[in-house]
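Protein chains in written order, with our numbering: chain B, -12 to 84; chain P, 105 to 289.
Right, dumping it as structure tokens:
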């Protein structure tokens, strides 16, 4: 199939940018200062963290959401593995198996 | 270090900041704390520090290790705990309630359950006295099986939350009792 590159770029441009869910300021602060840098392997310095900008409940909420999404990813991976295990090999791969 | 471990440390620090900002400022040097996802060193040292900080919140802490059974017993008490049960007793008396029916005695038990019922290797006991015979008689104890795994972070968080519970409840009860006295006058 031939892909029209210009058309693809145009479609991608139309895709809405990722929006953070509607949350309180504290949750957004923790997300920006801790979650995002950690996920991008950047060092986190607590000296720059304003402990007045969030509550302990904000930390718990983010942690709970992280745990939920982690469990969903784990379930997705397990599902994918079971599908792959039960799938028939591609005809071209059969001689190698 | 994984994200969950990092957030546990942040949660501990934030709880301490909320409960006792002075101890936080005296003991935690945030400038020294840097984290990276492949880091292991800070995690262990901060964990230990967190437990020391939580221990230092209570005015009375006694630790005993029973070698034969491999059980570590730590007893915690504080003027806040004594005051809590003294006020709870006053409230019970004013409302003609026995200790078993007193909502404040029950609330303290429930809070202990909420914070320390997370491991089979950890049990606890709480004794509250409305009219104590000696200092620090109102107290709670943690019994930890040394040969099993118990999450130190869980204990540290539990201790901080118990301290927070007694601190906030004493203020609320004092206000409640003073309002009652005003109404009666």
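Cβ coordinates follow ideal geometry from the N, Cα and C atoms, glycine included.
For residue i, the nearest candidate out of the options (CA to CA)
{"i": "residue 211/P", "options": "256/P, 273/P, 280/P", "result": "273/P"}
{"i": "residue 117/P", "options": "55/B, 14/B, 37/B", "result": "37/B"}
{"i": "residue 242/P", "options": "135/P, 119/P, 191/P, 176/P", "result": "191/P"}
{"i": "residue 227/P", "options": "175/P, 281/P, 111/P, 115/P", "result": "175/P"}
{"i": "residue 239/P", "options": "108/P, 123/P, 185/P, 125/P", "result": "185/P"}
{"i": "residue 11/B", "options": "41/B, 56/B, -6/B, 34/B", "result": "41/B"}
{"i": "residue 188/P", "options": "152/P, 133/P, 234/P", "result": "234/P"}
{"i": "residue 13/B", "options": "39/B, 27/B, 24/B", "result": "39/B"}
{"i": "residue 265/P", "options": "108/P, 109/P, 122/P", "result": "122/P"}
{"i": "residue 262/P", "options": "216/P, 286/P, 275/P", "result": "216/P"}
{"i": "residue 198/P", "options": "106/P, 282/P, 120/P", "result": "282/P"}
{"i": "residue 15/B", "options": "63/B, 52/B, 70/B, 67/B", "result": "52/B"}
{"i": "residue 268/P", "options": "115/P, 280/P, 119/P", "result": "119/P"}
Helix, strand or coil at residue i [DSSP, three-state]
{"i": "residue 168/P", "result": "strand"}
{"i": "residue -11/B", "result": "coil"}
{"i": "residue 66/B", "result": "helix"}
{"i": "residue 74/B", "result": "coil"}
{"i": "residue 243/P", "result": "strand"}
{"i": "residue 206/P", "result": "coil"}
{"i": "residue 229/P", "result": "strand"}
{"i": "residue 179/P", "result": "strand"}
{"i": "residue 249/P", "result": "strand"}
{"i": "residue 160/P", "result": "helix"}
{"i": "residue 79/B", "result": "helix"}
{"i": "residue 32/B", "result": "strand"}
{"i": "residue 42/B", "result": "coil"}
{"i": "residue 24/B", "result": "helix"}
{"i": "residue 37/B", "result": "coil"}
Expected contact under 8 Å - CB spacing of residue i and residue j to nearest Å
{"i": "residue 277/P", "j": "residue 209/P", "result": "With 8 Å as the limit, residue 277/P and residue 209/P do not qualify as a contact, their Cβ atoms being about 12 Å apart."}
{"i": "residue 49/B", "j": "residue 201/P", "result": "Residue 49/B to residue 201/P, Cβ: 41 Å. No contact."}
{"i": "residue 290/P", "j": "residue 259/P", "result": "Any question about residue 290/P goes unanswered here, given that chain P covers just 105 to 289."}
{"i": "residue 245/P", "j": "residue 179/P", "result": "5 Å"}
{"i": "residue 46/B", "j": "residue 115/P", "result": "5 Å"}
Straight-line Cα distance separating residue j from residue i
{"i": "residue 206/P", "j": "residue 183/P", "result": "20 Å"}
{"i": "residue 159/P", "j": "residue 65/B", "result": "42 Å"}
{"i": "residue 161/P", "j": "residue 113/P", "result": "17 Å"}
{"i": "residue 252/P", "j": "residue 225/P", "result": "6 Å"}
{"i": "residue 35/B", "j": "residue 137/P", "result": "10 Å"}
{"i": "residue 230/P", "j": "residue 28/B", "result": "44 Å"}
{"i": "residue 109/P", "j": "residue 132/P", "result": "18 Å"}
{"i": "residue -3/B", "j": "residue 152/P", "result": "54 Å"}
{"i": "residue 32/B", "j": "residue 126/P", "result": "21 Å"}
{"i": "residue 129/P", "j": "residue 21/B", "result": "21 Å"}
{"i": "residue 195/P", "j": "residue 220/P", "result": "27 Å"}
{"i": "residue 44/B", "j": "residue 169/P", "result": "35 Å"}
{"i": "residue -7/B", "j": "residue 3/B", "result": "18 Å"}
{"i": "residue 67/B", "j": "residue 25/B", "result": "27 Å"}
Proximity test, residue i beta-carbon vs the ligand GTP heavy atom, cut-off 7 Å
{"i": "residue 274/P", "result": "Among the components of this structure there are no ligands whatsoever, and the ligand GTP is therefore not found."}
(message) For the segment 30 to 43 of chain B, list every residue whose C-beta sits within 8 Å of some C-beta in chain P, in sequence order.
(response) For the segment 30 to 43 of chain B, which is checked against every Cβ of chain P, the residues closer than 8 Å are 30, 31, 32, 33, 34, 36, 38, 41, 42, 43.
(request) Would you list, in chain order, the members of the segment 40 to 69 of chain B that have their beta-carbon closer than 9 Å to a beta-carbon of chain P? (result) 41, 42, 43, 45, 46, 47, 49, 50, 53, 54, 57
(request) Could you name the residues of the segment 12 to 32 of chain B whose beta carbon sits closer than 7 Å to any beta carbon of chain P, in the order they occur along the chain? (result) 21, 25, 28, 30, 31, 32
(request) May I ask you to list, following chain order, the residues of the segment 121 to 138 of chain P that have a beta carbon less than 7 Å from some beta carbon of chain B? (result) 121, 122, 134, 135, 137, 138
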